[in-house]
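Colleague: In terms of our numbering, the sequence shown has 129 at position 115, counting the first letter as 1, and numbering is strictly consecutive. In this text, a Cβ means the ideal position worked out from N, Cα and C, and glycines have one as well.
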Amino acid sequence: VFAFAQPFIPLDQEVKVGRKAVSVYVDNSFSMAALSEDVPLLEKAKQRAREIISAYGIEDRFQVLTNDFAGRNQRTLGQEEALALVDEIAIGPAVRALSTVVARQEQALKNSDTDNRLLYLISDFQRNVTDLTTWEDSTTDLTLIPLQAVRESNVAIDSAWFEGPVPLLNQNNRLLVRLQNYSDEDLDNVRLTVKYSGQQKPEGVLELPARTTLIDTVNINVSQPGWQEVTLSITDYPITFDDDYHLAFRVAEKVRVLNISDEQPNRYLRAVLEGLSVFDATFQTSQGLDYGQMGTYQMIVLDDLQSISTGLAAELQRYVRSGGNLLVFPPRGADLASYQSFLGAFPANVLENFSEEERTVGSINTDEFVFNDVFENRSDNLRLPVTQGNFNLSRFSGRQEEVLMSYRDGAPYLTKYRSDQGHLYLCTAPLSDAVNNLVQNAEIFVPMLYKMAISAGVQRPVAYTIGKDEVIITKHQPHASEAAYKLRGSGQEFIPEQRIVSSQVYLGVDNQVSQAGFYQLFLNEDEPLDRFAFNYNRRESALDYFRPE
């Protein structure tokens with residue numbers, strides 16, 4: 015049986031006799047807070063659930079299920095226990111597809127010692143979650159009980175993200191905000207505000223035509239390094255769960271760079287890295303490396319290494335794939351076999367023969383992040399690099415190569431390859447100023463180093479969704495072998511499930527986060543190690559429902 019029905023238990027001749035197993039699902043998502051005849055839908059749903067449970071006998075068994083999918087909702091209870099559980103149901107942030115709900119109901123009842131199994135779904139049947147099509151289980155009755163709220167409108171902040179890969183210090187970082195008008199009315203007075211650095215300020219009044227999406231821009235100027243919290247808000251009644259959107263992100267004070275050379279580092283490169291306060295540079299030789307510290311650097315520069323040992327190659331590949339940025343300058347007399355093996359493993363195009371020929375760079379890819387916005391006021395007399403020799407590159411297919419700078423004939427001078435979470439940057443000319451004058455061209459070289467170092471392969475999300483993002487990833491602390499990580503925020507504190515993989519820890523939050531807002535990660539009671547922003551799921555922002563025919 016598969017039908018919309020009124021909340022009653024039929025007592026005609028078709029009702030099966032004997033002990034029954036009954037599962038009653040009460041939708042307790044945010045949409046059930048809407049009013050119907052001045053009463054929240056959830057209260058009506060709870061009353062219907064009580065009527066259903068009370069209509070059966072005391073010998074029957076009951077499951078009371080909500081979107082929370084809590085442990086106590088997974089077993090069958092006696093009649094009095096089931097009624098008590100109904101009384102405790104409250105609105106929560108979890109949203110479930112109805113197919114998932116029914117599967118959970120069937121799982122709970124399949125072990126019952128009766129073939130009389132009955133399922134009830136009490137919901138407003140929003141289209142975004144109602145994915146039931148047909149019901150083919152002849153051994154189980156499924157009854158749908160729809161509840162209808164007063165027709166309401168809704169405007170939501172759907173999402174927000176930064177235009178660039180990472181927010182930068184002392185710059186206007188463009189934050190894009192997507193708003194959605196889910197109503198059939200044009201709105202001309204939607205007020206967007208931003209709370210940042212302890213201050214709340216208006217961002218303007220927006221016009222949103224009916225059933226449309228608008229992407230607005232907010233500038234966030236970060237004046238201090240460290241953790242930042244931003245909350246975007248609109249005022250929209252009576253549906254308010256999607257009126258706020260929280261973001262958390264970290265802006266580093268300095269960019270940590272490791273330079274690896276065979277002997278002394280390139281003097282121009284050293285002058286740049288030591289002369290600018292934005293860099294925190296370390297200089298090491300290829301024979302004295304501490305592999306265990308590589309992951310603490312945002313960028314590693316290979317400064318004309320004659321060859322790359324298999325051990326160093328393996329560590330550098332691991333570093334890049336874990337999110338690091340590697341910039342490679344091969345020397346004129348490079349050991350091609352070691353470089354080809356190293357580059358091919360990413361995979362990247364590999365070095366071939368060295369051409370002793372003066373060439374001039376002819377173009378810069380200003381659409382890519384490294385040089386985007388660097389030359390906004392570029393003059394015609396911008397000096398482009400000139401080289402006295404360079405390596406030719408293989409042209410293998412499937413290498414996912416981006417050319418950042420190229421010679422006048424189109425041959426690559428500087429290329430980029432994505433490898434898992436990080437980036438490999440390869441210059442086809444040596445770093446030595448005897449061959450390549452890039453190091454003497456501060457207008458290009460300095461911003462190039464900085465933008466490469468802060469680029470990110472897979473950037474950590476600035477916001478997470480409650481009930482959807484069940485696992486969050488952060489850097490593992492080496493001294494955390496015995497202690498447990500804790501999340502604290504929005505009036506909650508709990509120990510998430512923890513799984514350590516290499517230098518990262520995977521934190522399973524499941525349904526433990528129930529309130530939107532900011533959460534800090536602690537180990538013992540030290541300073542917070544990380545910060546996360548959680549938002550309510552926007553799946554129910556669209557107020558579209560199935561209705562009984």
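Does the stretch 44 to 60 come within contact of the stretch 146 to 158, defined as at least 3 CB pairs closer than 8 Å?
Modeller: The answer is no - the stretch 146 to 158 does not touch the stretch 44 to 60, with fewer than three Cβ pairs under 8 Å.
Colleague: Which residue or residues does DSSP assign as beta-bridge partners of residue 541?
Modeller: Taking the first residue of the sequence shown as 1, we reach residue 541 at position 527. Residue 541 is not bridged to any residue.
Colleague: Might you give, ordered along the chain, the residues of its own chain that have their beta carbon closer than 7 Å to the beta carbon of residue 551, omitting 5 neighbours on each side?
Modeller: Taking the first residue of the sequence shown as 1, we reach residue 551 at position 537. Closer than 7 Å at Cβ, skipping near neighbours: 107, 109, 479, 480, 481, 482.
Colleague: Since residue 368 sits in a beta bridge, which residues does DSSP pair it with?
Modeller: Indexing the sequence shown from 1 puts residue 368 at position 354. Paired residue(s): 405.
Colleague: Going by DSSP, which residues form a beta bridge with residue 243?
Modeller: In the sequence shown, counting from the first residue as 1, residue 243 sits at position 229. Partner(s): 262.
Colleague: List, from N- to C-terminal side, the alpha helix (DSSP H) runs of 4 residues or more that fit wholly inside the stretch 59 to 134.
Modeller: Complete alpha helix (DSSP H) runs here, min 4: 93 to 101, 112 to 123.
Colleague: Measuring only the C-alpha atoms, how far is residue 86 from residue 525?
Modeller: Reading the sequence shown from its first residue, position 72 is the one you call residue 86. Reading the sequence shown from its first residue, position 511 is the one you call residue 525. Spanning the two alpha carbons is a distance of roughly 14 Å.
Colleague: Going by Cα to Cα distance, which pick from 181, 162, 280 is closest to residue 467?
Modeller: Indexing the sequence shown from 1 puts residue 467 at position 453. Per the Cα distances, 181.
Colleague: I'd like to know whether the C-beta atoms of residue 334 and residue 372 end up nearer to each other than 8 Å.
Modeller: Along the sequence shown, read from residue 1 onward, the residue named residue 334 stands at position 320. Along the sequence shown, read from residue 1 onward, the residue named residue 372 stands at position 358. No.
Colleague: Report the residue from 170, 519, 237, 83 whose alpha carbon sits nearest the alpha carbon of residue 528.
Modeller: As a first step, residue 528 is located in the sequence shown; it is residue number 514 there, counting from the start. If we check each option's Cα against that of residue 528, 83 comes out closest.
Colleague: Would residue 453 and residue 488 be called neighbours here (beta carbons separated by less than 8 Å)?
Modeller: Residue mapping note: residue 453 aligns to position 439 of the sequence shown, counting from 1. Residue mapping note: residue 488 aligns to position 474 of the sequence shown, counting from 1. The answer is no: Cβ separation not under 8 Å.
Colleague: For residue 185 and residue 237, I'd like the C-alpha separation in whole angstroms.
Modeller: For this step, residue 185 is matched to residue 171 along the sequence shown. For this step, residue 237 is matched to residue 223 along the sequence shown. Near 8 Å, if we compare the C-alpha coordinates of residue 237 and residue 185.
Colleague: If we count Cβ pairs, one from each stretch, closer than 8 Å, do we get three or more for the stretch 271 to 281 versus the stretch 303 to 319?
Modeller: Touching, yes, given that three or more Cβ pairs across the two stretches are closer than 8 Å.
Colleague: Considering only DSSP beta bridges, list what residue 294 is partnered with.
Modeller: Sequence index remark: in the sequence shown, residue 294 carries index 280 (1-based). In DSSP, residue 294 forms a bridge with 270.
Colleague: Let me know if residue 512 comes out buried or exposed under the rule of 16 or more other beta-carbons within 10 Å of its beta-carbon.
Modeller: As a working note, residue 512 is residue 498 in the sequence shown. Label assigned to residue 512: exposed.
Colleague: Just the C-alpha distance for residue 116 and residue 194, rounded to the nearest angstrom, thanks.
Modeller: For the purposes of this step, residue 116 is taken as the residue at position 102 of the sequence shown. For the purposes of this step, residue 194 is taken as the residue at position 180 of the sequence shown. Approximately 30 Å, taken between the alpha carbons.
Colleague: Note down the Cα distance separating residue 97 from residue 60, rounded to an integer number of angstroms.
Modeller: Looking up residue 97 in the sequence shown gives position 83. Looking up residue 60 in the sequence shown gives position 46. Distance between the alpha carbons of residue 97 and residue 60 is about 9 Å.
Colleague: Within 10 angstroms of its Cβ, does residue 28 collect 16 or more other Cβ (buried), or is it exposed?
Modeller: For this step, residue 28 is matched to residue 14 along the sequence shown. Its pLDDT being 49, under 50, residue 28 is placed unreliably in this model, and the value from its coordinates should be taken loosely. So residue 28 ends up on the exposed side.
Colleague: On the three-pair Cβ rule with 8 Å, is the stretch 435 to 453 touching the stretch 242 to 261?
Modeller: No: the two stretches stay apart, fewer than three of their Cβ pairs being nearer than 8 Å.
Colleague: Assign residue 287 to one of three DSSP states: helix, strand, or coil.
Modeller: On the sequence shown, residue 287 is found 273 positions in, with the first residue counted as 1. Note: residue 287 maps to helix in three-state DSSP.
Colleague: Among 326, 417, 118, 435, which has the Cα closest to the Cα of residue 80?
Modeller: Translated into positions along the sequence shown, residue 80 becomes position 66. Per the Cα distances, 118.
Colleague: Can you tell me the Cβ-Cβ gap for residue 201 and residue 232, rounded? I've got them flagged as a contact below 8 Å.
Modeller: Translated into positions along the sequence shown, residue 201 becomes position 187. Translated into positions along the sequence shown, residue 232 becomes position 218. Contact flag wrong, Cβ pair sits at about 19 Å.
Colleague: Short of 7 Å in beta carbon distance, which residues of its chain neighbour residue 302, apart from the five on each side in sequence? Order them along the chain.
Modeller: Position 288 of the sequence shown holds residue 302. Closer than 7 Å at Cβ, skipping near neighbours: no residue.
Colleague: Give the list of continuous alpha helix (DSSP H) stretches no shorter than 4 residues that lie fully inside the stretch 286 to 364.
Modeller: Listed in chain order, the complete alpha helix (DSSP H) runs (minimum 4 residues) inside the stretch 286 to 364 are 324 to 335, 350 to 358.
Colleague: Taking just the CA atoms, how far does residue 463 sit from residue 423?
Modeller: Working through the sequence shown from its first residue, we reach residue 423 at position 409. Working through the sequence shown from its first residue, we reach residue 463 at position 449. Distance between the alpha carbons of residue 423 and residue 463: 25 Å.
Colleague: Whose C-beta lies closer than 6 Å to the C-beta of residue 342 among residues of the same chain, with five residues either side of it excluded?
Modeller: Position 328 of the sequence shown holds residue 342. Closer than 6 Å at the Cβ level, and outside the excluded window around residue 342, lie 316, 440.
Colleague: According to DSSP, is residue 37 helix, strand or coil?
Modeller: Counted from its first residue, the sequence shown places residue 37 at position 23. The answer is strand: DSSP assigns residue 37 an E or B state.
Colleague: Going by Cα to Cα distance, which pick from 554, 105, 546, 502 is closest to residue 538?
Modeller: Locating residue 538 in the sequence shown gives position 524, where the first residue counts as 1. For residue 538, the nearest C-alpha among the options comes from 502.
Colleague: Return helix, strand or coil for residue 451, following the three-state DSSP convention.
Modeller: Locating residue 451 in the sequence shown gives position 437, counting from the first residue. Here residue 451 sits in helix by DSSP.
Colleague: Cα-Cα, which of 282, 345, 486 is closest to residue 442?
Modeller: In the sequence shown, the residue the question calls residue 442 occupies position 428. The candidate whose alpha carbon is nearest that of residue 442 is 345.
Colleague: Going by Cα to Cα distance, which pick from 43, 227, 125, 46 is closest to residue 76?
Modeller: Start at 1 with the first residue of the sequence shown, and residue 76 comes out as number 62. Nearest C-alpha to residue 76: 125.
Colleague: Short check: CB of residue 421 to CB of residue 388, under 8 Å?
Modeller: The residue you call residue 421 lines up with position 407 of the sequence shown. The residue you call residue 388 lines up with position 374 of the sequence shown. No, Cβ-Cβ distance for residue 421 and residue 388 is not below 8 Å.
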